[in-house]
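Note sheet for the following structure.
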Amino acid sequence: QKEVEQNSGPLSVPEGAIASLNCTYSDRGSQSFFWYRQYSGKSPELIMSIYSNGDKEDGRFTAQLNKASQYVSLLIRDSQPSDSATYLCAVRSGAGSYQLTFGKGTKLSVIP
Amino acid sequence: DTGVSQDPRHKITKRGQNVTFRCDPISEHNRLYWYRQTLGQGPEFLTYFQNEAQLEKSRLLSDRFSAERPKGSFSTLEIQRTEQGDSAMYLCASTQPGGNTDTQYFGPGTRLTVL
Numbered sequence: 001q002k003e004v005e006q007n008s009g010p011l012s013v014p015e016g017a018i019a020s021l022n023c024t025y026s027d028r029g030s031q032s033f034f035w036y037r038q039y040s041g042k043s044p045e046l047i048m049s050i051y052s053n054g055d056k057e058d059g060r061f062t063a064q065l066n067k068a069s070q071y072v073s074l075l076i077r078d079s080q081p082s083d084s085a086t087y088l089c090a091v092r093s094g095a096g097s098y099q100l101t102f103g104k105g106t107k108l109s110v111i112p
Numbered sequence: 113d114t115g116v117s118q119d120p121r122h123k124i125t126k127r128g129q130n131v132t133f134r135c136d137p138i139s140e141h142n143r144l145y146w147y148r149q150t151l152g153q154g155p156e157f158l159t160y161f162q163n164e165a166q167l168e169k170s171r172l173l174s175d176r177f178s179a180e181r182p183k184g185s186f187s188t189l190e191i192q193r194t195e196q197g198d199s200a201m202y203l204c205a206s207t208q209p210g211g212n213t214d215t216q217y218f219g220p221g222t223r224l225t226v227l
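In order, the protein sequence lines correspond to chains A and B. The first sequence begins at 1 in the numbering used here and counts up by one. The second sequence begins at 113 in the numbering used here and counts up by one.
Right, here's the structure in full:
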């Protein structure tokens with residue numbers, strides 16, 4: 001059973017702070033990793049994808065991947081109230097499978 | 113409109129009725145996926161098409177569920193004899209062909225309520 005674990009939160013940070021979201025996965029053969037943002041009642045929206053160990057930056061967002069530790073994280077710098085949402089970690093195991101396995105998501109609240 | 117579209121956006125039905133949802137992927141995206149999401153959970157994979165071929169099916173996809181993509185373009189998901197436990201958001205996603213990209217782009221979803 002492939003599993004993706006996230007702290008459900010809620011995670012509260014003040015406006016302008018760094019929000020750190022974490023995710024672990026069970027399938028060591030996983031190849032592709034994604035962070036999606038989901039506002040209440042809406043569908044998931046892609047924020048970042050990462051495939052190699054290390055950091056990947058895109059604007060205020062930085063994804064970090066450590067395959068040895070089976071760990072992926074998302075940092076949001078200069079957090080804004082509009083960042084308040086549920087953040088979903090998703091993993092594709094590869095090996096001919098294209099399905100994504102999602103965590104339950106971490107709810108982030110950015111306090112003005 | 114260049115995104116994934118789904119229809120209807122909301123569906124209320126009585127237990128035991130059949131429902132059908134439609135998904136139109138991003139143009140030229142050859143891979144299409146269906147997921148189901150219940151409150152407080154992440155999306156759960158249901159099935160996946162590459163062009164018109166259904167290549168993966170989850171054990172979640174019981175005999176009451178069937179999906180088709182007859183011409184490799186839009187897809188339909190049918191639920192027969194709906195149950196209250198089928199109440200969820202049904203999400204469709206698509207991926208462009210080729211290369212190393214496997215990023216899935218989601219549509220707005222169809223919210224099903226079974227009374």
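From the three backbone atoms N, C-alpha and C, an ideal C-beta is built for every residue, glycine too.
Bridge partner(s) assigned by DSSP for residue i
| i | result |
| --- | --- |
| Glu14 of chain A | It should be noted that the sequence gives Pro, not Glu, for residue 14 of chain A. DSSP output for Pro14 of chain A lists A:Ile111 as bridge partner(s). |
| Gly54 of chain A | A:Leu65 |
| Val116 of chain B | Its beta-bridge partners do not exist; DSSP assigns none. |
| Lys232 of chain B | Coverage of chain B is limited to positions 113 through 227, which leaves residue 232 of chain B absent and any answer about it impossible. |
| Arg92 of chain A | A:Ser32, A:Leu100 |
| Tyr145 of chain B | B:Tyr160, B:Ala205 |
| Arg223 of chain B | B:His122, B:Met201 |
| Asp136 of chain B | B:Ser117 |
| Ile47 of chain A | None, per the DSSP bridge assignment. |
| Phe218 of chain B | B:Ala205 |
| Leu113 of chain A | Only positions 1 to 112 of chain A appear in the structure, and residue 113 of chain A is not among them; the question remains open. |
Of the listed residues the options, nearest to residue i (C-alpha basis)
| i | options | result |
| --- | --- | --- |
| Ala85 of chain A | A:Glu5, A:Pro10, A:Lys2, A:Leu75 | A:Pro10 |
| Phe34 of chain A | A:Ser109, A:Tyr98, A:Ile111, A:Pro112 | A:Tyr98 |
| Gln38 of chain A | A:Ser69, A:Lys56, A:Phe102 | A:Phe102 |
| Leu189 of chain B | B:Thr132, B:Tyr217, B:Asp198 | B:Thr132 |
| Pro81 of chain A | A:Gly105, A:Ser69, A:Glu57, A:Pro112 | A:Pro112 |
| Lys104 of chain A | A:Arg28, A:Ser93, A:Thr24 | A:Thr24 |
| Gln6 of chain A | A:Ala17, A:Ser43, A:Gln70 | A:Gln70 |
| Gly197 of chain B | B:Leu227, B:Glu168, B:His141 | B:Leu227 |
| Thr106 of chain A | B:Tyr217, B:Arg223, B:Leu172, B:Gly152 | B:Gly152 |
| Arg223 of chain B | B:Pro137, B:Thr150, B:Ser185 | B:Thr150 |
| Tyr217 of chain B | B:Asp119, B:Trp146, B:Arg121 | B:Trp146 |
CB of residue i within 8 Å of CB of residue j, strictly
| i | j | result |
| --- | --- | --- |
| Arg143 of chain B | Thr225 of chain B | no |
| Gly219 of chain B | Ala205 of chain B | yes |
| Ser8 of chain A | Val91 of chain A | no |
| Ser170 of chain B | Glu180 of chain B | no |
| Ala200 of chain B | Arg134 of chain B | no |
| Leu75 of chain A | Ser20 of chain A | yes |
| Phe157 of chain B | Leu65 of chain A | no |
| Ser93 of chain A | Lys2 of chain A | yes |
| Pro44 of chain A | Tyr36 of chain A | yes |
| Asn53 of chain A | Lys67 of chain A | yes |
Straight-line Cα distance separating residue j from residue i
| i | j | result |
| --- | --- | --- |
| Ala63 of chain A | Gly128 of chain B | 45 Å |
| Ala95 of chain A | Thr215 of chain B | 16 Å |
| Glu164 of chain B | Lys126 of chain B | 31 Å |
| Gly59 of chain A | Ser26 of chain A | 29 Å |
| Ser73 of chain A | Tyr160 of chain B | 27 Å |
| Pro155 of chain B | Tyr202 of chain B | 9 Å |
| Ser109 of chain A | Lys123 of chain B | 30 Å |
| Met48 of chain A | Asn130 of chain B | 37 Å |
| Ile46 of chain A | Tyr87 of chain A | Here residue 46 of chain A is Leu; the residue named in the question, Ile, does not match the sequence. Rounded to whole angstroms, Leu46 of chain A to Tyr87 of chain A spans 10 Å at the Cα level. |
| Pro182 of chain B | Val4 of chain A | 33 Å |
| Gly115 of chain B | His141 of chain B | 11 Å |
| Arg28 of chain A | Cys89 of chain A | 16 Å |
| Ser40 of chain A | Ser139 of chain B | 27 Å |
| Glu57 of chain A | Ile18 of chain A | 14 Å |
| Phe61 of chain A | Gly184 of chain B | 35 Å |
| Leu167 of chain B | Asp119 of chain B | 23 Å |
| Asp83 of chain A | Asp55 of chain A | 20 Å |
| Leu172 of chain B | Ser117 of chain B | 23 Å |
| Arg121 of chain B | Pro137 of chain B | 15 Å |
Residue i beta carbon near the ligand MG (any heavy atom closer than 7 Å)
| i | result |
| --- | --- |
| Lys123 of chain B | Of ligands this structure carries none, so the ligand MG is not represented either. |
Test: residue i CB closer than 8 Å to a CB of chain E
| i | result |
| --- | --- |
| Pro220 of chain B | Of the protein chains in this structure, namely A and B, none is chain E. |
So, do the stretch 186-198 of chain B and the stretch 161-178 of chain B have three or more beta carbon pairs nearer to each other than 8 Å? With contact defined as three or more Cβ pairs closer than 8 Å, the stretch 186-198 of chain B and the stretch 161-178 of chain B are in contact.
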